[in-house]
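Below you'll find the structure, written out as structure tokens, and then a few comments.
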Amino acid sequence: MRITVLTGSPKGETSVTMQYVRYMQREFPHHDLDIVHVAQRLGKIEGDEGTFRDVIDRVRSSDGVLWAFPLYVYLVHANYKRFIELIWERGVQDAFEGKYTATLSTSIHFFDHTAHDYVHAICDDLGMRYTGAFSAEMQDLLDEEGRASLTSFAEDFFRAIETQRPAPRRYGPMTGRDFDYAPGPISHPVDGGGKKVVVLTDATPDQANLTRMVERFRAAFSHSQAQEIEVINLHHLDIKGGCRGCLHCGYDYRCVYAGRDGYIDFYDAKLKLADVLVFAGAIRDRYLSSMWKLFFDRSFFNTHTPSLVGKQFGFIISGPLSQVPNLRQILQAYVEWQQSNLVGFVTDEFGDSADLDGLLQSLAERLVRFADSGYVQPATFLGVGGMKIFRDDIWGRLRVVFRADHRAYKRMGIYDFPQRDLKVRIMNGVLAPLLSVPWIRKAFTARIKEGMLQSYQRVLRAP
Numbered sequence: 002m003r004i005t006v007l008t009g010s011p012k013g014e015t016s017v018t019m020q021y022v023r024y025m026q027r028e029f030p031h032h033d034l035d036i037v038h039v040a041q042r043l044g045k046i047e048g049d050e051g052t053f054r055d056v057i058d059r060v061r062s063s064d065g066v067l068w069a070f071p072l073y074v075y076l077v078h079a080n081y082k083r084f085i086e087l088i089w090e091r092g093v094q095d096a097f098e099g100k101y102t103a104t105l106s107t108s109i110h111f112f113d114h115t116a117h118d119y120v121h122a123i124c125d126d127l128g129m130r131y132t133g134a135f136s137a138e139m140q141d142l143l144d145e146e147g148r149a150s151l152t153s154f155a156e157d158f159f160r161a162i163e164t165q166r167p168a169p170r171r172y173g174p175m176t177g178r179d180f181d182y183a184p185g186p187i188s189h190p191v192d193g194g195g196k197k198v199v200v201l202t203d204a205t206p207d208q209a210n211l212t213r214m215v216e217r218f219r220a221a222f223s224h225s226q227a228q229e230i231e232v233i234n235l236h237h238l239d240i241k242g243g244c245r246g247c248l249h250c251g252y253d254y255r256c257v258y259a260g261r262d263g264y265i266d267f268y269d270a271k272l273k274l275a276d277v278l279v280f281a282g283a284i285r286d287r288y289l290s291s292m293w294k295l296f297f298d299r300s301f302f303n304t305h306t307p308s309l310v311g312k313q314f315g316f317i318i319s320g321p322l323s324q325v326p327n328l329r330q331i332l333q334a335y336v337e338w339q340q341s342n343l344v345g346f347v348t349d350e351f352g353d354s355a356d357l358d359g360l361l362q363s364l365a366e367r368l369v370r371f372a373d374s375g376y377v378q379p380a381t382f383l384g385v386g387g388m389k390i391f392r393d394d395i396w397g398r399l400r401v402v403f404r405a406d407h408r409a410y411k412r413m414g415i416y417d418f419p420q421r422d423l424k425v426r427i428m429n430g431v432l433a434p435l436l437s438v439p440w441i442r443k444a445f446t447a448r449i450k451e452g453m454l455q456s457y458q459r460v461l462r463a464p
């Protein structure tokens, strides 16, 4: 059978992901894997109608589609995202409808689930028959067990096509509402207190609600302060291209684009120096726009080091955010990993114009208040778990490439390995053998609840 493989790495043949695809080719030579380097050739695919039509014709004539991609900042690469947008823009959804499909990714398992969930949802929106996902740790192919697992995944994908196996749909279609936001007057302007507030948006002229929400947020401040709030449109930035995955930045955060466009200067001068950051965008398929994805991808010149520590974050979203929990999780995880404070989301999916006025006013007030106090709420698993993955891999096998991260992690105290806690090691070394004695274990268990609270009670009794 013939499978169209749509690859999502800007490195094309030299990507780790492609090695997994090549292994599938080797193990299943009787199947034709037709490889299209979508992310690497996005410029040609988007700019030349004939090239785009050739890709779509190859999909249309195939028995199945394999989406193969590396992880880029919680999702797929911006070029891959842009290709997905083109499917709807150019009305070729029918080429994908009814096709059996699966996803294959390579990563270090940092939010690989959000990338797979995104592509799975896209497949459901296209009416495809999704059979499963294979999320490989980058080095799994070097291990016999990893190769066997990949083989089983491929066999199951091919068998699903051969047997026309039923495929359940996981994601329902998104539904929006016909609502024109009409901002009302400001009754109690927010005192910005001299805080530097930067709003990033990708609003286009046809996105009236998003534009009005951004302006209403800005107008929430006193007139003189509102003029000082910077509203920056991503479309106006000097960005020459997307992240190349070259890892040039690993040693000292120096991007291959340094001196060639304005992105790094913008990031350092505007975002790193801000007290409050508001990201404003409209939902596009199951994410924001590919322009927003380009912004996030290019921020990887900071590699795995949090670069916006202590900022106050707000999000203004046009569209049905409640129907895309994956996007909300990605944005929350991004803020938590940055060691910043997520103040809230405002969307135009519920309520009337007055409700939206109140939400935007409240967001402005809380952003400034928390900036004044320096409040950063404790991270959830999204931030804690994600950082532990980076911590362990930067300490280990990635240290040679990402020297800048290693130096930063030592300086920032991110290398907080629990096994280094001498007090806990001594306690475990003493108590573990003692608790093997039945009468000691019984006495210990009887007092464990009270014992767990002793430290907290000392805090509560303190003046």
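2 is the number of the first residue of the sequence shown in my numbering; add one for each residue after it.
Just so you know, even glycine gets a beta-carbon here, dropped at the ideal spot from N, CA and C.
If you're wondering where the values come from, they're calculated on a predicted model, not measured in any experiment.
Those residues which DSSP pairs with residue i across a bridge
{"i": "Tyr73", "result": "Leu76"}
{"i": "Phe280", "result": "Leu201, Phe316"}
{"i": "Leu105", "result": "Ala69, Phe135"}
{"i": "Arg130", "result": "Tyr101"}
{"i": "Tyr288", "result": "Arg285"}
Delimiting residues of the beta strand (DSSP E) encompassing residue i
{"i": "His38", "result": "33-38"}
{"i": "Leu7", "result": "3-8"}
Residue interval of the alpha helix (DSSP H) (run including residue i)
{"i": "Tyr264", "result": "264-267"}
{"i": "Leu436", "result": "Looking at the DSSP string, Leu436 is not in any alpha helix (DSSP H), and its letter there is neither H nor E."}
{"i": "Ser153", "result": "145-164"}
{"i": "Tyr551", "result": "Examination of residue 551 is not possible in this model, given that the chain is present from 2 through 464 alone."}
{"i": "Ser323", "result": "Taken as a continuous stretch (DSSP letters only), Ser323 belongs to no alpha helix (DSSP H), as it is neither H nor E."}
{"i": "Arg42", "result": "That residue, Arg42, is in no alpha helix (DSSP H); it is neither H nor E in DSSP."}
{"i": "Phe53", "result": "50-61"}
{"i": "Glu451", "result": "449-462"}
Exposed unless 16 or more other CB atoms sit within 10 angstroms - verdict on residue i
{"i": "Cys250", "result": "buried"}
{"i": "Ile415", "result": "buried"}
{"i": "Leu364", "result": "buried"}
{"i": "Cys247", "result": "exposed"}
{"i": "Gly320", "result": "buried"}
{"i": "Ser300", "result": "buried"}
{"i": "Thr212", "result": "buried"}
{"i": "Lys424", "result": "exposed"}
{"i": "Val344", "result": "buried"}
{"i": "Glu337", "result": "buried"}
{"i": "Asn210", "result": "buried"}
{"i": "Asn342", "result": "buried"}
{"i": "Asp253", "result": "exposed"}
{"i": "Thr446", "result": "exposed"}
{"i": "Ala463", "result": "exposed"}
{"i": "Met25", "result": "buried"}
{"i": "Ile427", "result": "exposed"}
{"i": "Ala227", "result": "buried"}
{"i": "Met453", "result": "exposed"}
> Where are the alpha helix (DSSP H) runs, 4 residues long or more, that stay fully inside the segment 169-255, in chain order?
Replying inline: 209-220, 224-227
> Does the pairing of the segment 67-79 with the segment 115-133 give three or more beta-carbon distances under 8 Å?
Replying inline: yes
>> Suppose only complete runs of 3+ residues qualify. What are the beta strand (DSSP E) ranges in the segment 335-372, listed by chain order?
In response: 342-348
> Going along the chain, which unbroken runs of the alpha helix (DSSP H) with 4 or more residues stay wholly within the segment 387-426?
Replying inline: 404-413
> Between the segment 180-199 and the segment 343-363, do at least 3 Cβ pairs fall closer than 8 Å?
Replying inline: yes
> Contact between the segment 428-445 and the segment 278-287: three or more CB pairs below 8 Å?
Replying inline: no
> Pairing CB atoms from the segment 363-372 with CB atoms from the segment 215-225, are three or more of them under 8 Å?
Replying inline: yes
> Taking three-plus beta-carbon pairs below 8 Å as touching, is the segment 146-166 in contact with the segment 187-199?
Replying inline: no
>> Counting beta carbon pairs with one atom in the segment 127-134 and one in the segment 394-414, are three or more of them shorter than 8 Å?
In response: no
> Any chance the segment 199-206 sits against the segment 266-285, with 3 or more Cβ pairs inside 8 Å?
Replying inline: yes
>> Contact between the segment 11-23 and the segment 71-89 is defined here as three or more beta-carbon pairs at a separation below 8 Å; is this criterion met?
In response: yes
> With contact counted as at least three CB pairs below 8 Å, one residue from each stretch, are the segment 224-238 and the segment 371-383 in contact?
Replying inline: no
> Would the segment 44-60 and the segment 260-278 be scored as touching if the rule is three or more Cβ pairs under 8 Å?
Replying inline: no
> Are the segment 39-47 and the segment 104-120 touching by the rule of at least three beta carbon pairs closer than 8 Å?
Replying inline: no
>> Taking contact to mean 3 or more Cβ pairs, one atom from each stretch, closer than 8 Å, check whether the segment 133-147 and the segment 95-107 are in contact.
In response: yes
>> Does the segment 328-336 come into contact with the segment 148-157, if we say contact requires no fewer than three beta-carbon pairs (one atom in each stretch) closer than 8 Å?
In response: no
>> Below 8 Å, how does it come out for the segment 166-179 and the segment 304-322: are there three or more Cβ pairs, yes or no?
In response: yes
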